[in-house]
Ligand SMILES: [Zn+2]
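Numbering (the working numbering), first residue to last: 410 to 548.
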């Protein structure tokens, strides 16, 4: 599927998203904002369970792939399913191009994915995800 034809399954207007999300959630999920490090609700959470997109409820990550990266945000080495994630080049900051991670179901911003940092995980990837973009459901 080419980027040009990407159509999310869940489509809402900005006003509809604003009615559903609080301003801080809207800033991250719909305006690609970033919450400050080390303050997010799930940064150090180790409770077994799932992590769903706060905007649409799709389960994107689980505690199985969550690891302690000490970077200040919840970190996962893989999503539950690559098809649930949309990857986009992000040149908004100077320096190396980053890869933005969005929910493929509703096209909401989640965070970024970094590769080759040397974490002892099966993928050597770090999905650096804003807590505020997720809802944890303990299993
Ligand atoms: Zn979503």
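Beta carbons are placed, not taken as given, at the ideal position from N, Cα and C, and that holds for glycine.
Model, not experiment: these values are computed from the prediction.
How big is the Cα-Cα spacing for residue 528 and residue 478? By 1-based counting over the chain shown, the position of residue 528 is 119. By 1-based counting over the chain shown, the position of residue 478 is 69. Pairing residue 528 with residue 478, the inter-Cα distance amounts to about 8 Å.
Straight-line gap, residue 443 to residue 435 (C-alpha atoms, nearest Å): Here residue 443 corresponds to residue number 34 of the chain shown, with the count starting at 1. Here residue 435 corresponds to residue number 26 of the chain shown, with the count starting at 1. As the crow flies, the alpha-carbon of residue 443 is around 11 Å from that of residue 435.
Return the Cβ separation of residue 499 and residue 521 in integer angstroms, given the expectation that the two are a contact with Cβ distance under 8 Å. If you number the chain shown from 1, residue 499 lands on position 90. If you number the chain shown from 1, residue 521 lands on position 112. Indeed they touch by this definition, with Cβ atoms about 7 Å apart.
Rounded C-alpha distance that separates residue 410 from residue 495: The residue you call residue 410 lines up with position 1 of the chain shown. The residue you call residue 495 lines up with position 86 of the chain shown. Caution is warranted here: a pLDDT of 47 is assigned to residue 410, below 50, making its placement in the model unreliable, and the coordinate value is therefore given only provisionally. Their Cα atoms are separated by approximately 11 Å.
Going by the C-beta, is residue 422 closer than 7 Å to any heavy atom of ligand 1? As a position in the chain shown, residue 422 is number 13, starting the count at 1. Answer for residue 422: no, Cβ out of range of ligand 1.
Following the continuous alpha helix (DSSP H) through residue 437, name the residue where it begins and the one where it ends. In the chain shown, residue 437 corresponds to position 28, counting from 1. First-last of the alpha helix (DSSP H) with residue 437: 432–438.
Which residue wins for smallest C-alpha separation from residue 465, given the options 503, 530, 429 and 456? Against the chain shown, residue 465 aligns to sequence position 56. It is 429 whose Cα lies nearest to the Cα of residue 465.
Just jot down, in chain order, the residues whose CB lies closer than 6 Å to any heavy atom of ligand 1. Any heavy atom of ligand 1 counts here; residues with a Cβ closer than 6 Å to one of them, in chain order, are 462, 464, 465, 467, 512, 514, 515 and 517.
Taking the alpha helix (DSSP H) that residue 424 falls in, what are its first and last residues? Within the chain shown, the letter at position 15 stands for residue 424. The continuous alpha helix (DSSP H) containing residue 424 extends over residues 423–429.
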